[in-house]
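Just so we're aligned: 576 in the UniProt record's numbering is position 576 of the sequence shown, and the numbers increase by one with no gaps anywhere.
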Amino acid sequence: MKTSVRLLTVGILLSTVSSAFIAFVGASLLSTLDYRLGNEFVQIEDFEPDSHTETLFPELSEFAGDSGFDVSVYYASLADSDGELRIYSSALPSGAANFESQKFQRGEKFVWYPLSEIPTKEPRQVFNIKGSENDARDLTTWLEERGYSVIGLQNLTWSFVMTSSLPLLVAAAFLLALVLGGGHCLVRAREIGIHRLLGLKLSQTLRLDVTRLAKQTWLPFFLAIIFIAAALYLYNDWAEATLFWAFFGVSVLLQWVGLALGYVLGQLLVRNISIPQAIKGKVRARPITYALYAVRLLALLTSLTALSQMVDTGAEVSAREELQPYWIGHANEQEFALSSNITPDEKEQAAAAAPLRQADREGKLLLADPFWLTWPTQLEAPVILSNHRFAVQAGVAPSEEDITVCAPVALSEESKQTIIDSVAFEAELAKKKVPNFNWKEDCSLGQVFSYDVELRPVINDPIVVSLPVGLEAIGDRNLLAKASQKVLLAIEPTVVGELKDGTVGKVLATAQPHADSWRSSLEEAKEQFSLWSLNTVVAILLVSLLIVAGLFSFQVAFRRELYVSFICGRSPWKMCRKILLAELFFFVTTIGWVLYRLREHKEQLESHYPSTWSMGFENRWSTATVLAVVAFSIVWMCISIGLTWWISARNQMRWTDSEGN
């Protein structure tokens, strides 16, 4: 009885703890995706000249209110909102005061304003619709009747959720609950047999178990709820608490369903045999034994997948921490975010880009684009497209009027032509003449700080392609795009203030220290590492539990064959050779999976596909990682073999004693 109570109690308490982690992951993910703004999206691509764009947003706000759905628009610009990210929503009537609402992530918030008071007249926006598909169609029809060209955007929320760590964590928790529920009935087969002898039905046995379980777990359960609520308050003052508790409740309910399902399946298995066999503990457990091995194979593959993700994120964290000292002394550089208000009109783009060109002439900007030439283009060294100031900072003596190419080795004619063609393409878009080229070979710069926050903030001996001052070789739209790609930076905060006024101030949405993006990337990598570490631990515990459950189930399922083997005097190892073969299969499966991953990683390294690029990718499969996976496999196999020997020896002693008596 105590064993059965422990199993169900462990199931209830584990469901509480794991649900808290699941709820945190789910709430963080949906809050990041801004689920509150709606689940339907449309975008205005273009409009007819006679469209009354100056009255669009007030009329749209009124239409949405009359139709019973909400429309919201993200908006930010240095000129109008001082870089503050705002949400203009039709849910607020004209003249209503703005208000803040905290997001689930600590320190992040929404700032809400009435849609009718949005400071821009540019209609080309993405509209978030809090309503149904019919509402989105009605809005599209309403806009098209007024001369706007509208397209529907796909809601990718579900795709983001399914590709996150959340499904894996939920699946592992559910499987664990299922095993605990089934194990509860297997270890108390004798009590279930007595219940049947007394005429108790399944529902009556269930009621007794639920009553006993409730008496033992209600206090720890509610204490855990109080502790979780207190921790949540300390984290974010209960911001979006409803979202968290919704995830928590669904997760707890799902795991309790797993416990109940395992319990019912176990009860049916035990009740499918005769009462004397049940009282003697002779359960027909072969189906559940095979099922446990199938679930174990699934759990093994799940744990290996979680382990690979943990290693991946761990390698990224390690690589970023090693590069952290390089950011010392780079706290002043400011990055920009491009707003959605950029117009396709060439004159307006030129007006927006002009202040950036002037700032570059004055040496107030840094251009460092390490993604200018990427796969499948391969040169003798990595390439950085730069402006004059960055080139000087890197150690090059560039020309102010010509394009200076500093290469650490002699470039082949093919590489030179690739650079020339790429610059010519940029100049053609800018409708400018291609400047002259000044080639500097054997121009070794050593380590160059590239300001890249995603992949390579430090590059050894790159090829630096320095453009003339003013960046005239880059078209207006591409120049603005460089700002949004975080490769065109202001050297200090005062430059942002100078760019705040005028057309460029409306195009540039926000500005912040570039080093903040690096710190955010590091924190995000650490968070992902923690989540995948948790998933890995849960998966490993699940596999370990399934090993033990499978062994005990095997002893019950093959009890008669094992006893006959004992009577015939066979070795205990021969009696359990099926277990040994199964363990060998799982070990070979693990090693095969590791070899497959190593080969795949090697191919990706050699191919340089962009999809493989990530911080620390080259160290994803180190010798230590491979040894750790092999060590876990050996430990699992040793545990299984050791338990097999112990159970066999215990059974032999019991059978010998019974024969002696």
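For every residue, glycine included, the Cβ atom is placed at its ideal position computed from N, Cα and C. The structure presented is a predicted model; accordingly, all values stated were derived computationally and were not measured.
Query	Result
Kindly provide the ranges of any beta strand (DSSP E) runs that are 3 or more residues long and lie completely inside the segment 129-168, ordered along the chain.	148-153
Please classify N128 as buried or exposed, where buried requires at least 16 neighbouring CB atoms within 10 angstroms.	buried
Can you confirm whether the segment 111-128 touches the segment 52-66 when touching is taken to mean that 3 or more C-beta pairs between the two stretches lie within less than 8 Å?	yes
Considering only the alpha carbon of each residue, which of T418, R599 and G11 lies closest to L261?	G11
Out of curiosity, what's the CA-to-CA distance linking A306 and L176?	16 Å
Count the CB pairs spanning the segment 59-66 and the segment 160-179 that are closer than 8 Å, and state whether there are at least three.	no
Compute the Euclidean distance between the alpha carbons of G363 and R357, then round it to the nearest angstrom.	10 Å
Between G470 and R361, how many whole angstroms is the CB-CB distance? I'm expecting something under 8 Å.	5 Å
Can you name the start and end residues of the beta strand (DSSP E) that T404 belongs to?	I403 to C406
Leaving out five residues on either side along the sequence, give the residues of the same chain with a beta carbon under 7 Å from the beta carbon of D461.	A381, P408, S444, L445 and G446
For M151 and Y74, what's the separation of their Cα atoms in angstroms?	A small fix is needed here, since residue 151 is Ile in this sequence, not Met. Those two C-alpha atoms are separated by around 17 Å.
Rounding to the nearest angstrom, what Cα-Cα distance links N651 and L180 in this structure?	24 Å
A391 and S450: beta carbons closer than 8 Å?	no
Starting from V396, follow the alpha helix (DSSP H) in both directions and report where the run begins and ends.	Looking at the DSSP string, V396 is not in any alpha helix (DSSP H), and its letter there is neither H nor E.
Tell me whether D46 is buried or exposed, calling it buried when 16 or more other Cβ atoms sit within 10 Å of its Cβ.	exposed
Assign W646 to one of two classes, buried (16 or more other C-beta atoms within 10 Å of its C-beta) or exposed (fewer than that).	exposed
Is the distance from the Cβ of T16 to the Cβ of V252 below 8 Å?	yes
Report buried or exposed for M653, applying the criterion of at least 16 other Cβ atoms within 10 angstroms of its Cβ.	exposed
Quick one: any contact between the segment 637-646 and the segment 322-330, if contact means 3 or more CB pairs under 8 Å?	no
Would you mind reading off the limits of the alpha helix (DSSP H) that contains T510?	That residue, T510, is in no alpha helix (DSSP H); its beta strand (DSSP E) goes L508 to P513.
Which runs of the alpha helix (DSSP H) fall wholly inside the segment 40-123 and span at least 4 residues, in chain order?	56-67
Would DSSP call F244 helix, strand or coil?	helix
In whole angstroms, give me the CA-to-CA distance for K130 and L139.	12 Å
Between the alpha carbons of residue 733 and A291, how many angstroms are there, rounded?	Since the first and last residues shown for the chain are 1 and 661, residue 733 lies out of range.
Figure out for me which residue from T494, P398, G266 and P276 has the closest Cα to the Cα of L365.	T494
Is Y293 buried or exposed, if buried means 16 or more other CB atoms sit within 10 Å of its CB?	buried
Among residues of its own chain, excluding the 5 on either side of L197, which ones have a beta-carbon nearer than 6 Å to its beta-carbon?	I275
So the beta strand (DSSP E) A368 belongs to, where does it begin and stop?	L365 to D369
By the three-class DSSP mapping on this structure, what secondary structure does L178 have?	helix
In whole angstroms, give me the CA-to-CA distance for G314 and S533.	9 Å
Could you check what DSSP says for V464 in three-state terms: helix, strand or coil?	strand
List the whole-angstrom C-beta distance separating V71 from L60, where the pair is believed to meet the contact cut-off of C-beta under 8 Å.	6 Å
Output the boundary residues of the beta strand (DSSP E) element that contains L488.	L488 to A490
What is the residue span of the beta strand (DSSP E) that N438 lies within?	F437 to K440
Are there 16 or more other CB atoms within 10 angstroms of the CB of S18, so buried, or fewer, so exposed?	buried
Is it buried or exposed, E321, if we count other Cβ atoms within 10 angstroms and call 16 or more buried?	exposed
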